[in-house]
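Take a look at the structure set out below.
In the numbering used here, the protein residues as written are 5 to 127.
Listed below in structure tokens is the structure:
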């Protein structure tokens, strides 16, 4: 990012599908690499991340014109393919949807996980 650009930070929480065997260290690295590669083509970068047993939290810095939905579609597709290759199966790893908040309004990832499992619930 250029130093003179106005940027904002976002918190993104993504849930793993219910019943997924927790990701091992190597698998987490594969997921992070997929995300870093996806951000190279977008107007954002990864500031921080955190894995829970059933969720992943990302802190992103982005500039105007950033398209979070495009980034998430790309990231979920690539990371799913990479994990399928490692695990040797084609079962899904990501629950539908994700939650995005400005960094001034963080949410608890475990609550988001529960919300994403309940169709139609609001935070």
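Where a beta carbon is used, it is the ideal one built from N, C-alpha and C, also for glycine.
For residue 29, the enclosing alpha helix (DSSP H) stretches over residues 29-44. Where residue 120 is concerned, the enclosing alpha helix (DSSP H) starts and stops at 113-121. Take residue 49, set aside five residues on each side of it, and the residues of its chain with a beta-carbon closer than 6 angstroms to its own are 43 and 65, in chain order. In the DSSP assignment, residue 72 falls outside any beta strand (DSSP E) and within the unbroken alpha helix (DSSP H) covering 72-91. Sorting 39, 29, 54 and 102 by C-alpha distance to the C-alpha of residue 21 places 102 at the top.
By a beta-carbon distance limit of 8 angstroms, residue 80 contacts residue 98. Their separation comes to about 5 angstroms. Across the structure, residue 104 and residue 116 are spaced so that their CA atoms are roughly 10 angstroms apart.
Restricting attention to 106, 56, 51 and 37, the CA atom closest to the CA of residue 25 is found in 56. Its Cα nearest to that of residue 29, the residue 54 stands out among 63, 120, 54 and 70.
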